[in-house]
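Numbering-wise, the working numbering comes out as the position in the sequence shown, counting from 1, plus 92.
Don't be surprised by glycine CBs; every beta carbon is placed ideally from N, CA and C.
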Amino acid sequence: MNESLVQQLADCGQDHLLEDTEALDPVTLERFERQLEAIDWERR
């Protein structure tokens, strides 16, 4: 998982979104990470 994304989610109080991601297969995890990166967390 991208460390800057992990930090950004933690800063916004959204790090719970990363719970159980170890259960995802690599392709699904990559897709999920791209979706999270597309969100403007600073606006939220």
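Sequence-distant partners of Gln100 (beyond 5 residues in either direction) whose C-beta falls short of 8 Å from its own C-beta, in its chain, are Trp133. For Glu125, the enclosing alpha helix (DSSP H) covers residues 118-129. DSSP, read as helix, strand or coil, puts Asp132 in coil.
With 16 or more other Cβ atoms from the protein chains shown falling within 10 Å of its own Cβ, Leu128 counts as buried.
Spatial neighbours of Leu97 in its own chain (CB-CB distance under 7 Å, excluding positions within 5 residues in sequence) are listed in chain order as Glu125, Leu128, Glu129.
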